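In what follows, a structure is listed as structure tokens, so that the remarks can point back to it.
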DNA sequence: GTGGTCTAGACCACG
DNA sequence: GTGGTCTAGACCACA
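Protein chains in written order, with this note's numbering: chain A, 358 to 485; chain B, 358 to 485; chain C, 358 to 485; chain D, 358 to 485.
In structure tokens:
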């Protein structure tokens, strides 16, 4: 599977999907600090998205300290990632997030067991 | 936890969150066929959302055959739910869905193991 | 005559009139697959209707597979129109529809012969 | 077919459908001056509509001079029907009315020829 | 009191 | 500039 993807039919805005995809890939180790990202145009073509949309996400993530742009060279994952806040006290956040996922799955005919299996499979193949 | 919730800060549109929440609650059996939903205005107050936003979701789900409205009476879960397509051939759909969830989790500092545990916990408490 | 019209005095809701007008124009070939529709705002001005009302119809018809929207570009007639169900077994539907029309005509002083003539005239001028 | 009908799924409000049905039946001669209409409750049951809705239509039509109510006896078609305005100069009205009908028909997969045939058939069987 | 329709207008996402 | 989302609030149809 491609490292970064967006779903044009999903109601979540493309820019948000892309931003989350990049943040997630870094947090999960699929994109290491210092790694180079695709150019704006490459990624725009690959994701079938307007280049402005990709560029805006890169700029935003640079402002957040997640990415670094070296002019004329490219865009890279920052060496030091901004802290994210510990898990402590954020159980409600996790629960809401997972509940949304289960809702979406159930709404499309997938059971919690289906989701469970897929989570296992993806986490094994990616960093587990 | 409340049966239906929305997160005003999440980039997914409120109406899409609510629609998925209702569909999920029905699919998971937390809302049974024939059950009455909260009135448009009640739910709007409860979710801190405009009544039009709730009404839009109810109308949409009625068109889809998921809900039934009786004018002047209220809104109910339809007795016969529309088919949803078998899981067969939709593995890619499930994978994308779960990947989005894991991305979002990772981006906020939760590991795949955290998600795994939360899925187990929610599915135990809701559907056995 | 304008391609799309609504009657603000008719008891049928504006959005329903517009939806039927668009569906009818496509089915009758006055709007070909791939053709671009007026922009939401243009049509709103032309029909003296709120932009939200037009947008609502466009969104609904997109969900139904009748239209396609390209974000930031415009709204177009879908290349492949959804099936509509054969006429077989729907004679009652046609009869009810025409009866409603004749009722409305009679109530305003038009005879069935008047309607007959007008149907001939319109079908000659529009679809041969 | 029943003399008066309403379609609960049609977007036109029930009261408007009923009013038009009664006016049309009178204008077409299916309800003669002096004829008695069903009681409010009978018609409400028959049409599966709330009695208030039927009552409101009767009241409205009485105000318009189309019906007459004799207390304790029933509701009747008035002996002298209010004038409706000649057809002259109202061609645009007829055209719009028929165009709406053809749109609705085309949107449901019926051709202008289908409508033509049905108009002939109904007008023959009812008073043509 | 229930849902449905419409308006006006703000702000966002995308190209 | 295109469509999409949301709000606030008026008024209508129906039970």
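Ideal Cβ placement from N, Cα and C applies to all residues, glycine included. Given the structure is predicted, the values throughout are model-derived calculations rather than measurements.
Would you list the one or two residues that DSSP bridges to residue i?
i                      : result
residue 432 of chain B : B:426
Measuring straight from C-alpha to C-alpha, what distance separates residue i and residue j?
i                      : j                      : result
residue 443 of chain C : residue 414 of chain A : 48 Å
residue 362 of chain D : residue 388 of chain D : 14 Å
residue 482 of chain C : residue 476 of chain C : 10 Å
residue 446 of chain A : residue 411 of chain D : 60 Å
residue 471 of chain A : residue 383 of chain C : 42 Å
residue 441 of chain A : residue 461 of chain B : 13 Å
residue 450 of chain C : residue 450 of chain B : 38 Å
residue 438 of chain D : residue 467 of chain D : 35 Å
residue 409 of chain D : residue 381 of chain D : 21 Å
residue 456 of chain D : residue 421 of chain C : 23 Å
residue 399 of chain D : residue 436 of chain B : 29 Å
residue 395 of chain C : residue 463 of chain D : 21 Å
residue 377 of chain C : residue 424 of chain C : 13 Å
residue 404 of chain A : residue 454 of chain A : 25 Å
residue 365 of chain C : residue 473 of chain D : 27 Å
residue 359 of chain C : residue 429 of chain C : 26 Å
residue 478 of chain A : residue 375 of chain C : 49 Å
residue 465 of chain B : residue 371 of chain A : 18 Å
residue 386 of chain C : residue 397 of chain D : 45 Å
residue 458 of chain B : residue 452 of chain A : 12 Å
residue 406 of chain B : residue 367 of chain D : 30 Å
residue 379 of chain A : residue 373 of chain A : 10 Å
residue 480 of chain D : residue 369 of chain A : 54 Å
residue 448 of chain D : residue 448 of chain B : 59 Å
residue 431 of chain B : residue 431 of chain A : 57 Å
residue 469 of chain D : residue 390 of chain C : 20 Å
Please check the pair residue i and residue j, which I expect to be a contact at CB under 8 Å, by giving their CB distance rounded to whole angstroms.
i                      : j                      : result
residue 392 of chain C : residue 433 of chain C : 7 Å
residue 426 of chain B : residue 419 of chain B : 5 Å
request  = Kindly provide the ranges of any alpha helix (DSSP H) runs that are 4 or more residues long and lie completely inside the region 365-397 of chain B, ordered along the chain.
outcome  = 371-384
message = For the region 423-456 of chain C, list every residue whose C-beta sits within 8 Å of some C-beta in chain D, in sequence order.
response = 441, 442, 443, 444, 447, 450, 451, 452, 453, 454, 455 and 456
ask   = Got a sec: which bits of the region 462-473 of chain C sit with their beta carbon under 9 Å from any beta carbon on chain D, in order along the chain?
value = 462, 463, 464, 465, 466, 467, 468, 469, 470, 471, 472 and 473
query = What residues from the region 369-381 of chain B come within 9 Å of chain A, judged by C-beta to C-beta, listed N to C?
reply = 369, 370, 372, 373, 374, 376, 377, 378, 379, 380 and 381
Those runs of the alpha helix (DSSP H) which lie wholly inside the region 405-483 of chain A and span at least 4 residues = 408-420, 448-464 and 469-483
ask   = Taking Cβ-Cβ distances below 8 Å as the criterion, which residues of the region 394-407 of chain D are in contact with chain C?
value = none
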